[in-house]
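Here the structure comes first, spelled out in structure tokens, and everything after it is commentary.
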Amino acid sequence: MHFYILLVLFFGALLANKLAAVSSDFPCMHSNRTDAYNKFLYKHVNLDAPQSLDQNQWQAFITKMNTCDRPVQSFIPYNQKQPVDEICSPSGGKTFNNQSDLCVSKQEFTFTTVYVDKNCTVKRVIPEKKYLLLACNEIQDHCLPVHFEPNKNNSGPDNNMPDCKNPNSQNQANSVHLHLSLLTLSLLSTTTAYFM
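As numbered in mature numbering (1 follows the signal peptide of the UniProt record, and there is no 0), residues -16 to -1, 1 to 180 make up the sequence shown, in order.
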């Protein structure tokens, strides 16, 4: 009897881990982290970010933001907020690879990258023009960017990949969630019936 209980608990834990892993396999999967989008904007599309490459302005900005713990920080001009948001949609982004919640922009963006040392001193400010890689989650029924991923090789979109928020990917992931949930429910029902 104890063996059976342990077996059910083991499979329950295994299924819970599988569900957690599946939740980030595709762009635009549901997230309960409602503040993730605002944190992304604060860190990467900030209205107060300097518009120049002046190192002194960036030093004051980074110090004010209190983000000295991030050695490399990238900032997209605030007037690009809408096109950045659209990267997480079919109109602006493609899924980056088959096992990722990343979307790659369909166009290159100009942005500023700031290098900060461990003493919170801005060492370099450089302009960049690259395709953006963003992690996208569904937050309150909207697919929104939640993480900026460096694109060192400036990898662009692959036209063979689905658009971000591809219904097939979403349906496939939802189907896996449903099947795993039903299996967990079956195991728990069997256990309950066994002990009654």
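Quick reminder that beta carbons are idealized off the backbone N, C-alpha and C, glycines included. Computed from a predicted structure; not experimentally measured.
Between Met145 and Lys78, the beta carbon gap of about 5 angstroms places them in contact (Cβ cut-off 8 angstroms).
Within the DSSP secondary-structure output, Thr97 pairs in a beta bridge with Ser58, Ile110. Looking at the backbone, the Cα of His28 and that of Pro129 are separated by about 10 angstroms. Boundaries of the alpha helix (DSSP H) around Lys23: 20 to 28. Here DSSP, grouped into helix, strand and coil, assigns Lys65 to helix. Residue Asn30 holds the alpha-carbon nearest to the alpha-carbon of Phe59 among Asp19, Gln43, Asn30, Asn143. Shown here for Glu92: same chain residues with a beta carbon closer than 7 angstroms to its own, the five before and five after excluded, namely Lys113, Lys114, Tyr115 in chain order.
In this structure the region 65 to 78 lies against the region 125 to 139, because at least three pairs of beta carbons, one per stretch, are closer than 8 angstroms.
If you check the CB distance, Ser15 and Glu133 do not come in under 8 angstroms. If you draw a straight line from the Cα of Asn50 to the Cα of Lys65, it comes to about 22 angstroms. Among the bridge pairs identified by DSSP, Met13 is matched with Asn121.
Taking C-beta separations shorter than 7 angstroms and ignoring five residues to either side along the sequence, the partners of Val109 in its chain run Leu37, Gln39, Trp42, Thr96, Val98, following chain order. Counting along the chain, Phe80 sits inside no beta strand (DSSP E), nor does DSSP assign it H or E at all.
Here Phe24 is not near Asp32, since their CB atoms are 8 angstroms or more apart. Gln35 sits exposed, since fewer than 16 C-beta atoms from the chains shown fall within 10 Å of its C-beta. For Glu133, the uninterrupted beta strand (DSSP E) run begins and ends at 126 to 133, by DSSP. Contact annotation: Cys148 and Pro55 have beta-carbon atoms that are not nearer than 8 angstroms. A Cβ-Cβ contact shorter than 8 angstroms links Asp85 with Cys120. Lys102 and Cys52 have their C-alpha atoms roughly 7 angstroms apart. Under the DSSP definition of a beta bridge, Ser89 partners with Gly77.
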